[in-house]
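The structure appears below as C-alpha cells.
Protein chains: 2
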Amino acid sequence: MWKTITVGIVAYSHSKYGRLAEDIPTLLESAIEGAISNAEGGIDSTDIDLLIVSNVDNQFSNQHQIGTVALRYLHNPQAEAFRIEVACASGGMATYLAKQMIESGSARNALVVGVEKMTHLSTGVTTSILIRGGAPEEIKYGATQPAAYGFMSQLYMQKYGATEDDYALAAVKNHKNAMKNPWAQFHKEFTVEAVKNSTMIASPIRLLHCSPISDGATAILLSGEPKKYTDTPVYIKGMGIGYDTMGVFEREDPTFMLATKIASDKAYKSAKIEPKQVQVAEVHDAFSPAEIFAYEAIGLAKKGEGYKLLREGRTMADGEIPVNVSGGLKAKGHPIGATGIGMIIEIYLQLLGQAGERQVRGVEYGLVENHGGTGATSVVTVLGR
Amino acid sequence: MWKTITVGIVAYSHSKYGRLAEDIPTLLESAIEGAISNAEGGIDSTDIDLLIVSNVDNQFSNQHQIGTVALRYLHNPQAEAFRIEVACASGGMATYLAKQMIESGSARNALVVGVEKMTHLSTGVTTSILIRGGAPEEIKYGATQPAAYGFMSQLYMQKYGATEDDYALAAVKNHKNAMKNPWAQFHKEFTVEAVKNSTMIASPIRLLHCSPISDGATAILLSGEPKKYTDTPVYIKGMGIGYDTMGVFEREDPTFMLATKIASDKAYKSAKIEPKQVQVAEVHDAFSPAEIFAYEAIGLAKKGEGYKLLREGRTMADGEIPVNVSGGLKAKGHPIGATGIGMIIEIYLQLLGQAGERQVRGVEYGLVENHGGTGATSVVTVLGR
C-alpha cells in the first residue's frame, strides 16, 4: 500500500443540537456552505472530489439518496456523493472512509457531513426506529437499546462493584460540562440524587442516563494537502475500526467493549502513541454506563476499574484526562448521523485552542470513540497537531 | 493517481426474486456463503478485506448497521464492513466503491452484497417508503415515483411522437425474456393489448409498466488479482458515476437521463470503447419508459429516437443489441438494494457464456445501467473478458 498522505481537517461546521425548526435540506445546506466558508484560505467546490453523508435512518429522514440531495449544496456536479450507515457510528465511519479515499489518491479533498432529524415523530415511532440498532434476534424479542445497556450495566455492577452512584456521576459531569457548550441541547445541571430519582427505564438505566432524541448537522472538510487551506490543520494521526457481535447475548464478556478495544488499539498503533499520551477524549455515552465501559476499552483504566476514574474526579473538565467536555451525547445531544462528526469537531477545536470556555490546557493529542448500537461497530480516532 | 490494478469479478451468488420466506439474516448468509463457495479456486475469508452492503431502506430492513450484521457470515472480523445507500443505484455504487478501494490498494478482495425485503409491509407503508426516492420538494407534495415517471413519459410522447404501444413493447419484451430466467419474479407473458388495458397508475404509466415489489439478495466477489481465484474472470473494463438534479421539475430536459449520459460517457472512456461495441445491456427499467430513456442516454439511439429500437425489434433477445434479457426490473423483479448487483451478475454470466437459455451469442462487452429515483444518481458499468 502506498500511503504517504497525512489527512488533515481544515474546516468544520456545527449546528446547535436539539429540537430544530430547519428541515433536512436546510440543515445540509448550512452544514456544507458553513464548512466551505470556514476554510481559512478559501476552497473551491471543484477541489472537493467526495461528499459522504452520514445519516442513520430513512424513516427519520423520509429520504433516499440523501448524498445526492446534499450534492446540490456543494455546487460541484463532478464530485462523487453517497450515504453511509453503520448505526450511531456512521459519522466515524464516514470520516474513516473519506480518509482512506484521500490517502489512496482517490480524492484530494472530501467533505463529510452528518445529519439527523429525530424530534418530529411520535415516541412510539421513534422507539420502533431506534430498536433497529440491535441484533436481529434482539429486535425480534423487543430488546430496545436501553434494555440491552441495562443488562450490560447490571452485570457490570455485579462483577466489579460499581454502584448506581457511579453511573449517575457520568451524567452529572456531562450535564455540568454542557453548561459551557453553546451547541448543547441541555443547559441544566443535575445532582446525583436527581439522576438516581429519575424515571427507571431499564434497570439500572434511568431517564437521566439516556442521551436525548435530537436534531442536528455537522460537517468536516478533510484534505490530503491541509497546509494549502489552513495554517493550523489538525491531523488524523490514527484511526481504527473494530467489530463485535451484533447481539449482547452473543458476547463472551458483555461488560467489555471489545470493538472499541480493537479500534483503539489500531488507532494508537497508527498514531504511534500510548493511551496515556491523550489529554482529552470524547466517548460515546449514549447511556451513561457506556462512558465507563469506554474508559476501559480505550485504555484509560483497567478492566473493571473504569468507574473509579469518575469517583476520583479524574475525567472531570479540570481532571487529569477530561472526558466529554462537550457535554457528551448525554447533555450535548445525539442526532445520530451527526454525532460522530460532532465529537471529532470538539477535539479539533480543543487542539486548535478554540474550544472557548471548555478549553482544556496543553492538548497535544485527543481521542474520539464513536460506536454503533451496543458496541457492535466502533470507530476510534486520534487527532493531533 | 496510481491505478494499475484491473478489478475482476471472480464469484457471485443470486437468490430468486419475488416474495421470499427467508428473513434478512438468512438472505445475507446465503448470499455471502454462496459467493465465497462459488469462487472456483476457493478463497479464504481472511483474504476478503472489505464487505459493502447495498440496502436501501431501514424501514424495509428494520435494521441499522446491516454491514455489521452481514459480517457475521463472512467469518473474518478483520474485514471492514458498512452499508451504502443511493436509492435504487445502491448496488452499482457499492460495486464502484469496492472497485475504487481495490484499485487504490485499500483492499485486496471485496465482497459486495445487495439485499432488500420489501413484500412484508402493507401497500400504504410500502408506498410511503418508496416515495423517498424523489426530491424533498416532490415528496412534500406527494409526487410518487410513478407520478414523476408519468410526467417524464407523457412529455416524451409529446416531444418525440412515441406512443403507449412503444412503452408497452418494453414490458412485453421483458416479460417474454423473463420466461427463461429461473430467478425472475414473474414467468408470465403479456400482449401489448394486455399492458395497455392494465390499471392506470399515473398516466401514461400503467400497472404493467411498473417493476414489482420484491425480496432478494445478490453478491459479487471483486478481486485485484482475479486470476488467483478463477481461470475465467470478468473484468470491470470501465465504470462511471453521474448525477442530475433530484427533482424532475428542476431539469432542463426532463425526458433525458443526464446522469446516465454522464456516467456512461465516463464508463466508455475508461473502457476505451464506443457504445456500438457493446453486445448486451441491462438497463434500469423501474418503469418501462425508462428503458427507452436509457437507450438514448447510453448511446444506443439518438435523443428522441429510443422508442424506434423497440418498434424495430433491435433490443429483443434475438435482436442486434439485446437489452434486459434477464427480464429487466419489470419482470425479473426489483429488490432495490440487490438490483444493481443482480444486473451486473446477468452481464457477468453472459460474458462467461453461462446465461443458459438467455445466452446472447458473441458477447465481448456488456453494459449495466443502474439509476436511483428518476435518475438523480446513475452508475454505468462496462464489463468484458
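Chains A and B supply the protein sequences, listed in that same order. Just so you know, the working numbering puts 18 at position 11 of the first sequence, and the rest follows in order with no gaps. Just so you know, the working numbering puts 37 at position 30 of the second sequence, and the rest follows in order with no gaps. Think of the CB as a built atom: it goes at the ideal place given N, C-alpha and C, for glycine as much as any other residue.
- Around the C-beta of B/S111, 16 or more other C-beta atoms lie within 10 Å, and the residue is accordingly described as buried.
- B/D64 belongs to the set of residues whose beta carbon lies under 8 Å from a beta carbon in chain A.
- Bounds of the alpha helix (DSSP H) holding B/K315 are 313-318.
- Counting only the Cα atoms, A/P261 lies some 42 Å from B/H378.
- The criterion of a C-beta distance shorter than 8 Å is satisfied by A/P211 and A/M164.
- Near chain B, meaning a CB-to-CB distance below 8 Å, the residues of the region 74-86 of chain A are G74, T75, V76, L78, R79, P84.
- Residue contact with chain A for B/T322: absent (no Cβ-Cβ distance below 8 Å to any residue of chain A).
- Under a criterion of Cβ atoms nearer than 8 Å, the residues of chain B adjacent to A/M100 are, in order, F89.
- Per the coordinates, the alpha-carbon of B/I343 lies some 11 Å from the alpha-carbon of B/Y24.
- The beta carbon of A/Q366 sits closer than 6 Å to none of the beta carbons in its chain outside the five residues before and after it.
- For A/H21, no Cβ of chain B is located within less than 8 Å of the residue's own Cβ.
- Taking CB atoms only, A/E92 has a neighbour in chain B less than 8 Å away.
- If only uninterrupted beta strand (DSSP E) runs of at least 3 residues are considered, those enclosed by the region 226-264 of chain A are 241-250.
- The beta carbon of B/F197 lies closer than 7 Å to those of A178, V179, H182, L215 in the same chain, with the five residues before and after it left out.
- As DSSP reads the structure, B/V120 sits in a beta bridge with B/V60, B/A226.
- Contact between A/G141 and A/T381 holds: CB atoms are separated by about 7 Å, below the 8 Å threshold.
- The region 353-362 of chain B and the region 73-83 of chain B do not touch, with fewer than 3 CB-CB distances between them shorter than 8 Å.
- According to the DSSP secondary-structure assignment, A/G15 is paired through a beta bridge with A/S230, A/Y242.
- Within the region 82-130 of chain A, the runs of beta strand (DSSP E) that reach at least 3 residues and sit entirely inside it are, in chain order, 87-92, 116-123.
- Rounded to the nearest whole angstrom, the C-alpha separation of A/A297 and A/G313 is 10 Å.
- Under the rule that a run must span 4 or more residues, the alpha helix (DSSP H) segments found entirely inside the region 131-194 of chain B read 143-147, 152-167, 171-185.
- One alpha carbon belongs to B/D292, the other to B/R90, and they sit about 24 Å apart.
- For B/F294, the pairing in a beta bridge is given by DSSP as B/C217.
- Interface annotation, B/A383: in contact with chain A, CB-CB separation under 8 Å.
- Counting C-beta atoms within 10 angstroms of its own C-beta, B/P233 has 16 or more neighbours from the protein chains shown and is therefore classed as buried.
- Counted as a single uninterrupted DSSP element, the beta strand (DSSP E) harbouring A/L390 occupies residues 384-391.
- For the options B/D64, B/S333, B/A301, the alpha carbon positioned closest to that of B/K268 is the one of B/A301.
- When the beta-carbon positions are compared, A/G223 and A/G349 come within less than 8 Å of each other.
- The C-beta separation of A/L307 from A/I328 comes to about 6 Å, placing the pair in contact by the 8 Å criterion.
- Where B/I352 is concerned, the enclosing alpha helix (DSSP H) starts and stops at 343-359.
- Neighbourhood of B/R115 in chain A, by CB distance below 9 Å: empty, with the nearest CB roughly 10 Å away.
- It is roughly 34 Å from the alpha-carbon of B/A117 to the alpha-carbon of B/S135.
- With respect to B/K106, B/L229 sits close: the two C-beta atoms are nearer than 8 Å.
- When B/E29, B/A38, B/V389 are compared, the shortest CA-CA separation from B/Y275 is found for B/V389.
- The C-alpha of A/I299 lies about 42 Å from the C-alpha of B/I138.
- Residue contact check for B/S111 against chain A: a CB pair falls below 8 Å.
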